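*Asks:*
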Amino acid sequence: MEPELSPPELDDADVMVGSLGPQSFMRGALPGGFSGAGLQLIFAWLGFQVLSSTLWALHLKRLAGWSSLPSYWGEQLTARDVWEIAVNGNLAEHPLGFWTSLVALGFLSWAMWAGWKIQAGAAQQKPGFAPWILGLLDACVVGILPILLVESSLIWILQKLASSGIQGLGWLNLVGGALVRLTAVSAFLLQWWLCRINRAAAPGWNLGSWGALGRHLGRSFLRLWAHPVEWGLLLLGGVIVRFGLHVMVLALAWRWGGGSPARVWAFLILEALVTIIAAWLMGWMLRVVAGFWAHDARLRNEIRNLQRRAVGAPVQAHVEAPVEG
1 MEPELSPPEL DDADVMVGSL GPQSFMRGAL PGGFSGAGLQ LIFAWLGFQV
51 LSSTLWALHL KRLAGWSSLP SYWGEQLTAR DVWEIAVNGN LAEHPLGFWT
101 SLVALGFLSW AMWAGWKIQA GAAQQKPGFA PWILGLLDAC VVGILPILLV
151 ESSLIWILQK LASSGIQGLG WLNLVGGALV RLTAVSAFLL QWWLCRINRA
201 AAPGWNLGSW GALGRHLGRS FLRLWAHPVE WGLLLLGGVI VRFGLHVMVL
251 ALAWRWGGGS PARVWAFLIL EALVTIIAAW LMGWMLRVVA GFWAHDARLR
301 NEIRNLQRRA VGAPVQAHVE APVEG
């Protein structure tokens, strides 16, 4: 009896060259932001952004005693207010307060899990806890060092430009440096999203053999770094929109002050609106990642089947969201 033939190993670099970039899945990811897990993500971010801010204002009132900040949330603080809160209000020892920290952590955890449900649902996978947490460890292994290297290089360039003494370049370093750091955090989250969805689809999410684990890490790494420009522009655009909207609301609150309850409620409503927009954008990005991953996994499955046909090996049945070996 002839031995069973097996196809050659996939060349990961060649596969990534032929795969579509994330921009190809932006339009298809638009629906679904206001249903199911998408609504959970929005409510979780609302609780984190608005409720925790309100609790922090009440915490400041307890520390300072006489400040009217919680009565007119958004009031323009004087230098005396800031000094009293920071120095005489014991703010250094209790900067956030117990309830602010507890509520913020709870809503943040809910938002992270809702995001995982959005991504897994879009990729037709089960949102298990093991792939979620192990994917975070994978991202630490393959993502932290290269992201830090790129971030440090860009920060170094901006600082060199700023040291020239040209005023415009100084502002570029100030604003650009903040955007680079925030984009680096988003890039690490993206690496986590790619690692966890690949684990969820793997036969046996623990990837027991070293070979399977190495292929999983390598492919998760390439799915980010084979399209650095596209991912970078998406991440940077998301950072500018999300944080820019929040900064605009805070700047408006600082400029107008909180002279009346109507203004305070107006600021809270505006903050809630921009939080909804930011949460929707995050859910949209998660669906873009899911679509990109499903396409890449399907492409690998088709290439593997073509290789099997070439050597006369049995062809694997097509599946909607191919798993990774």
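All residue numbers for the sequence shown refer to the working numbering, where the first residue is 1 and numbers rise by one. Each residue gets a CB set at the ideal place from its N, CA and C atoms; glycine is no exception. From a predicted model like this one, the values you see are computed outputs, not experimental measurements.
So what does DSSP say about residue 295, is it helix, strand or coil?
*Replies:* Helix at residue 295.
*Asks:* What does the Cβ neighbour count give for residue 285, buried or exposed, with the cut at 16 atoms within 10 Å?
*Replies:* Its Cβ being crowded by 16 or more others within 10 Å, residue 285 is buried.
*Asks:* Have a look at 151, 202, 161 and 165 and flag the residue whose alpha-carbon is nearest the alpha-carbon of residue 178.
*Replies:* Selected option, being the one with the closest Cα: 151.
*Asks:* What's the C-alpha gap between residue 37 and residue 277?
*Replies:* Answer to the nearest angstrom: the Cα atoms are 15 Å apart.
*Asks:* Do residue 135 and residue 186 have their beta-carbon atoms positioned less than 8 Å apart in this structure?
*Replies:* In this structure, residue 135 does not lie closer than 8 Å to residue 186 by Cβ.
*Asks:* Considering just the uninterrupted stretch of the alpha helix (DSSP H) at residue 50, what are its terminal residues?
*Replies:* Here residue 50 belongs to no alpha helix (DSSP H), and DSSP marks it neither H nor E.
*Asks:* Where do the N-terminal and C-terminal ends of the alpha helix (DSSP H) with residue 179 fall, by residue?
*Replies:* Looking at the DSSP string, the run of the alpha helix (DSSP H) that includes residue 179 is 167-201.
*Asks:* Within 10 angstroms of the Cβ of residue 122, are there 16 or more other Cβ atoms? Answer buried if so, exposed if not.
*Replies:* Burial call: buried.
*Asks:* Is the CB-CB distance between residue 200 and residue 131 below 8 Å?
*Replies:* Their beta carbons are under 8 Å apart, which means residue 200 touches residue 131 by this criterion.
*Asks:* May I have the straight-line CA-CA distance separating residue 342 from residue 189, to the nearest angstrom?
*Replies:* Here the chain has residues from 1 to 325 only, and residue 342 is not among them.
*Asks:* Output the boundary residues of the alpha helix (DSSP H) element that contains residue 21.
*Replies:* Per DSSP, residue 21 belongs to no alpha helix (DSSP H) and is neither H nor E.
*Asks:* Taking residue 292 and residue 22 to be in contact with their CB atoms under 8 Å, please state how far apart those CB atoms are, rounded to whole angstroms.
*Replies:* 5 Å between Cβ atoms; contact.
*Asks:* Under 8 Å: do the stretch 22-33 and the stretch 290-304 share three or more Cβ pairs, one atom per stretch?
*Replies:* Judged by Cβ distances under 8 Å, the stretch 22-33 makes contact with the stretch 290-304, as three or more pairs qualify.
*Asks:* Which residues in the same chain have their Cβ closer than 7 Å to the Cβ of residue 30, if we skip the five residues on either side of it in sequence?
*Replies:* Cβ within range, chain order: 284.
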